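In this note's numbering, the protein residues as written are 1 to 178.
Glycine included, C-beta positions come from ideal geometry on N, C-alpha and C.
Every value quoted in this text rests on a predicted model; they were computed, and no experiment measured them.
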C-alpha cells in the first residue's frame, strides 16, 4: 500500500525528471559533437520525443498541483460554494476531453503499432511515441477524478472548503513569516 501511495505522489515528478534529463543530456551531447565536427543522427529525434512525453506528463502534473492557466474572472464574483461548483464543472469538462484523448489516442497508437511504422533515426515504433497522449491524459484523468472527489467532499460538507492551489498556500506561509 505504501508503494502505491508513493507512486501516486511521485509518478509525474519521476517521469518529468527522466524525460527532461534525457532530453537535455542528448541535446548537450549533440552540441558537443557538432563542435568537434561530428554529428549524431538520432539525438534530435530522441530529444523531440522526450519533449513530447514531457509535455503530456506535464499536463497531469499541472492538474495534480492545480496550476493550469485559467480565466478566473467568474471565480472572483462567486462565493466559496459557487467557486467549488464551477471548479467541479470545469474539471468534469476537462475529464471528458481527457477520456476522449485516451480513447482515440490509444486507437491511433495501436494502429501505428500494428502497421509497424518506425521512427527514421532510432527505429523505434511510432506507436510508442504516440502513446504519450493517451498515457499523459490518462494520468490527467486520474488526477482530475482525485480533484473532483475532494471537491465533492468539500461541497457536501465532509471536508473544509479549501480552493487554494499549492502556490497560493505557499504564498500564505511565506506571507505569515514576514
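Asked, Found
"Straight-line gap, residue 61 to residue 9 (C-alpha atoms, nearest Å)", "10 Å"
"Whole alpha helix (DSSP H) elements within the stretch 36-78, 4-residue minimum", "43-64 and 73-77"
"For residue 118, the residue or residues it bridges with in DSSP", "125"
"Residue range of the unbroken alpha helix (DSSP H) whose run includes residue 1", "Counting along the chain, residue 1 falls outside any alpha helix (DSSP H), and DSSP gives it neither H nor E."
"Unbroken alpha helix (DSSP H) run spanning residue 145, endpoints", "132-155"
"9 Å Cβ cutoff met for residue 44 and residue 66", "no"
"Alpha carbon of residue 97 to alpha carbon of residue 90, nearest angstrom", "11 Å"
"Beta-carbon proximity check, residue 17 vs residue 139, cutoff 9 Å", "no"
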